[in-house]
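Residue numbers (the UniProt record's numbering): 1 to 725.
We put the CB at the ideal spot given by N, CA and C, even for glycine.
Predicted model only: the values in this text are computed from it and were never measured.
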């Protein structure tokens, strides 16, 4: 920030935050709060602070405070106040508009602490508090949490609260709540606690038309929340909920007409990442009209959660601070009382949010993958770490798209190994294992890419198509077509990377593990699926995997050349390292080059070995633009699988198999080692074009992955099924 002069800020009215302290130091003064601080040097800096800070209340213009000061002192004041502004320790306050209570001075006096709290953070505290006080709040629940929520609202100044008939009962000691409301009324701060008409187990937005905020809780709170969500939250209204999931209390999310990440999104995330029994209990509560005898809370915990709900309403309506449940949920363990707040992204299977969050993904037909710069390893590592940090929103134990990295216990030598736990579909937990030669951050990013592909393939519904393209390819034209049945069902719009035209693709080819491929007109394979930090990278990785699949099938059928790869003939540093590491691991490693076939001679490599414990053949494939990269990918992934399996004492999950039930030992070697030239993505596209095929791109990124900076895509190659012949 440029140096501020006194004249620049002379007309401002500085107000210092109430949590700011200042302390004398040997050479100046230190201003600080719980977040941070700064130091001003000068022999008279502390003396100046003691003189000026008491007047930084927002009631005085800086020009008035500096009337009697000379130029040097004004410069010091400008430096002090300007730094307070810059660091957020003070703000410029406009002349106050005293409009509180519309002629109710008793309200101003009684709730002065609440007004001061708002004033600490934002301007217009009195008007903001009036907004909170005048808002009508309905608390739908008949448990202790609801009781304490009502009490919190009353104590903080709410004037109109609606409750359900079941709450006003002796066992809830609700007479004490009404007594506090009457006492406030007697003080000139009227409070109306109204009992809502009985509606059985459900209230509609029509029933609640008089209320600005609706809070749901209690045994039937989840069912009531879903009912209100089904009707959609009306504009200008707020919906807040507290519910339980197993032995956890969940507060939030805060829902409005325009928000995404709703209660159903939270329930789906918790069900995927949490205890299946708790998920079953939750869905039972939703399905049945009667309340299940579920988790009970003691009075102290109910008071904590009820007060938190009331505080959330206060924060939401005053705007003093963002609501803690806006875009996230608060989760509290009912036994240890540990609390965590986790961001909540819209779930692609949520019917309330998915249609409202169409991915704003740039349209591109480019193909690109960043290459590792070995000579700049330190720079590369820092960039990878920064990229990994930007993905953190996706990785949360309870509400994340992915639950957690579970790789801290692994020995990170000779390869860096990462495992990522997530649930691509309900009731199915996977722990994807990936590897990197250089950094754990690189291995973790690879795990995120692999898991993202599996998540989309197994857990993300296809979005509705607005229109059907003029031309649609059939299953028989698709390389992964099984040749056993025609593809029926929906059609997805794809973009040809060769002609740029839009072409229809059967949904079975876009989600080969999904419901549209039940009859298997398309082989169930991840071939063609890719993920990356950009749409271009996702499409590029998808194309490389599709080429690898085609080359393997061509080799099995005798339509591609299979030759041994001579790793000893290269001095490439990565391959030398891998060669020595496999020797140290005692692996009997076979590496094969697959060339030719229908789509050109791009580098595709198969590495395989036999597990001495089980006799199973393990194999990996590498498909890259250069032979060195293809070999490094295949050997790295195979060595990493062996390394981690030995440490775990069990095989690992490297992701969905590119070719299911493939045994690379059946491949017949057709010649001796040969040099394989590097290629470009244009060469790959030309190879498909020359055979009369096409490269069709479908962008498959769901909104939740996009929020974390991950893009996904599916490449569908045409030119005739390799299985139909």
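If you reduce the DSSP assignment to three classes, tell me which class residue i lands in.
i, result
"residue 169", "coil"
"residue 619", "strand"
"residue 174", "helix"
"residue 255", "strand"
"residue 416", "strand"
"residue 568", "helix"
"residue 715", "strand"
"residue 50", "helix"
"residue 383", "helix"
"residue 40", "strand"
"residue 4", "coil"
"residue 284", "helix"
"residue 26", "coil"
"residue 560", "strand"
"residue 431", "strand"
Rounding to the nearest angstrom, what Cα-Cα distance links residue i and residue j in this structure?
i, j, result
"residue 98", "residue 160", "Confidence at residue 98 is low in this model, with a pLDDT of 43, below 50, so the placement of that residue should be treated as unreliable; the coordinate-derived value is given next. The straight-line gap from Cα to Cα measures roughly 23 Å."
"residue 525", "residue 433", "18 Å"
"residue 568", "residue 577", "11 Å"
"residue 372", "residue 439", "Here the model assigns residue 372 a pLDDT of 46, short of 50, so the residue's position is not dependable, and the following value carries that caveat. Their backbone Cα atoms lie some 11 Å apart in a straight line."
"residue 148", "residue 402", "35 Å"
"residue 48", "residue 308", "41 Å"
"residue 517", "residue 128", "55 Å"
"residue 303", "residue 705", "37 Å"
"residue 688", "residue 383", "34 Å"
"residue 268", "residue 353", "12 Å"
"residue 321", "residue 273", "30 Å"
"residue 203", "residue 233", "13 Å"
"residue 312", "residue 40", "37 Å"
"residue 509", "residue 462", "12 Å"
"residue 356", "residue 260", "Low per-residue confidence applies at residue 356: pLDDT is 47, beneath 50, and the placement is therefore not dependable, though the value from the model is reported in the following sentence. Straight-line Cα distance between these residues: approximately 7 Å."
"residue 279", "residue 245", "7 Å"
"residue 335", "residue 247", "7 Å"
"residue 636", "residue 444", "15 Å"
"residue 547", "residue 599", "7 Å"
"residue 634", "residue 621", "5 Å"
"residue 107", "residue 20", "28 Å"
"residue 252", "residue 219", "15 Å"
"residue 46", "residue 29", "5 Å"
"residue 712", "residue 3", "47 Å"
"residue 325", "residue 714", "35 Å"
"residue 182", "residue 391", "52 Å"
Around the Cβ of residue i, are there at least 16 other Cβ atoms within 10 angstroms (buried) or fewer (exposed)?
i, result
"residue 451", "buried"
"residue 541", "buried"
"residue 654", "buried"
"residue 663", "exposed"
"residue 141", "buried"
"residue 35", "exposed"
"residue 38", "exposed"
"residue 374", "Only weak support exists for where residue 374 lies, its pLDDT of 41 falling under 50; the coordinates are left without a value."
"residue 1", "Confidence at residue 1 is low in this model, with a pLDDT of 48, below 50, so the placement of that residue should be treated as unreliable; the coordinate-derived value is given next. Under this definition residue 1 is an exposed residue."
"residue 333", "exposed"
"residue 316", "buried"
"residue 179", "exposed"
If you measure between the beta carbons of residue i and residue j, is that distance less than 8 Å?
i, j, result
"residue 658", "residue 527", "yes"
"residue 694", "residue 496", "yes"
"residue 12", "residue 119", "no"
"residue 531", "residue 453", "yes"
"residue 66", "residue 15", "no"
"residue 213", "residue 145", "no"
"residue 631", "residue 605", "yes"
"residue 677", "residue 565", "no"
"residue 465", "residue 491", "yes"
"residue 700", "residue 479", "no"
"residue 400", "residue 425", "no"
Task: Minimum length 4: unbroken alpha helix (DSSP H) runs contained in the stretch 306-366 - done: The alpha helix (DSSP H) runs lying completely inside the stretch 306-366 and spanning 4 residues or more number zero.
Task: Every unbroken beta strand (DSSP E) within the stretch 448-496, with a cutoff of 3 residues, ordered by chain - done: Residue ranges of uninterrupted beta strand (DSSP E) with 3 or more members, entirely inside the stretch 448-496 and ordered along the chain, are 491-496.
TODO: For the stretch 194-244, list the alpha helix (DSSP H) runs that are entirely contained and at least 4 residues long, ordered along the chain.
DONE: Listed in chain order, the complete alpha helix (DSSP H) runs (minimum 4 residues) inside the stretch 194-244 are 221-231.
TODO: Write down every uninterrupted run of the beta strand (DSSP E) in the stretch 62-93 whose length is 3 residues or greater and which is fully enclosed by it, in chain order.
DONE: Within the stretch 62-93, the runs of beta strand (DSSP E) that reach at least 3 residues and sit entirely inside it are, in chain order, 90-92.
Open item on the list: So within the stretch 577-649, which uninterrupted beta strand (DSSP E) runs reach at least 3 residues, ignoring any that extend past its ends?
Closed with: Runs found: 590-596, 604-610 and 617-623.
Open item on the list: Quick check for students: name the residue ranges of the beta strand (DSSP E) that lie wholly in the stretch 120-190, counting only runs of 3 or more.
Closed with: With a minimum length of 3 residues, the unbroken runs of beta strand (DSSP E) contained wholly in the stretch 120-190 fall at 136-140 and 160-163.
Open item on the list: My parser needs the beta strand (DSSP E) runs of 3 or more residues fully inside the stretch 649-705; what are they?
Closed with: Runs of the beta strand (DSSP E) inside the stretch 649-705: 694-699.
Task: Unbroken stretches of the alpha helix (DSSP H), 4 residues or longer, contained in the stretch 489-552 - done: 507-510, all fully within the stretch 489-552.
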